[in-house]
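A quick write-up on the structure given underneath.
Chains as they are written, first to last, in our numbering: chain S, -3 to 6; chain A, 39 to 250.
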């Protein structure tokens, strides 16, 4: 899926 | 969180701290591109604005704060405290040739046309090319101090480990983020030439110097 907020990666 | 992601983050942290300590201990930022460091500070600033909007974990928040803090500390050391040692003549990469296209691209290609998401996208694209002023500087002077090459190796290794993290996450979580992956591949590829020199020269105890 798409990574829209929240982002867990740095 | 998997082992690639964790070691990637730690490698990133190691790179940042190696650079800070190198400058602090030698009281000099010779050979370091201040422009790349400004770009990294900009990368962290635009990416971690979600510190204000969402809490993910204590680990996440702490690492973001450390990265941002160290990035600005590095810029401060280069442009203020040890400014006299800054090699501005060799740090001549035109950063507007990176920032302007990256800004345009992040407005055009993003997951969601919202301010935070566009800034996050901008930071991902910018990070992928932010090291170019540093690599340009090394190619111009034809050499790099060994400690600087350790910094670059850790920084390149970090994004390479993130690639493995994304492969892991795709197989085990069905997760993928095309923007991060494509930018991450570009970023890692930019280090390949350097990785080769690092393995063939620095790890064999030689100084990294390029043929004239």
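Quick reminder that beta carbons are idealized off the backbone N, C-alpha and C, glycines included.
Residues of chain S with a Cβ closer than 7 Å to the Cβ of residue 206 of chain A do not exist, since the nearest Cβ in that chain sits about 12 Å away. Contact between residue 179 of chain A and residue 246 of chain A fails: their C-beta atoms lie close to 11 Å from each other, not under 8 Å.
By the neighbour-count definition (other C-beta atoms within 10 Å, threshold 16), residue 241 of chain A is an exposed residue. In terms of CA proximity to residue 125 of chain A, A:73 leads the group A:203, A:156 and A:73. A Cβ-Cβ separation of about 4 Å places residue 86 of chain A in contact with residue 102 of chain A under the 8 Å criterion.
Nearest to residue 189 of chain A by C-alpha distance, out of A:75, A:210 and A:133, is A:75. Excluding five sequence positions before and after residue 145 of chain A, the CB atoms of its chain that fall closer than 7 Å to its own CB belong to 156, given in chain order. Chain-order list of chain S residues neighbouring residue 105 of chain A: 6, by C-beta distance under 9 Å.
Spanning the alpha carbons of residue 99 of chain A and residue 227 of chain A requires a straight line of approximately 29 Å. What residue 47 of chain A touches in chain S, judged by beta-carbon distance under 7 Å, is 6, going in chain order.
Beta-bridge pairing by DSSP links residue 246 of chain A to A:182.
No residue range can be given for residue 127 of chain A, since it is assigned to no alpha helix (DSSP H) and is classified by DSSP as neither H nor E. One finds nothing in chain S with a Cβ atom closer than 7 Å to the Cβ of residue 40 of chain A; even the nearest lies about 11 Å away. Contact annotation: residue 182 of chain A and residue 69 of chain A have beta-carbon atoms nearer than 8 Å.
The alpha-carbon of residue 198 of chain A is positioned some 32 Å away from that of residue 123 of chain A.
For the pair residue 172 of chain A and residue 92 of chain A, the CB atoms are not nearer than the 8 Å cut-off.
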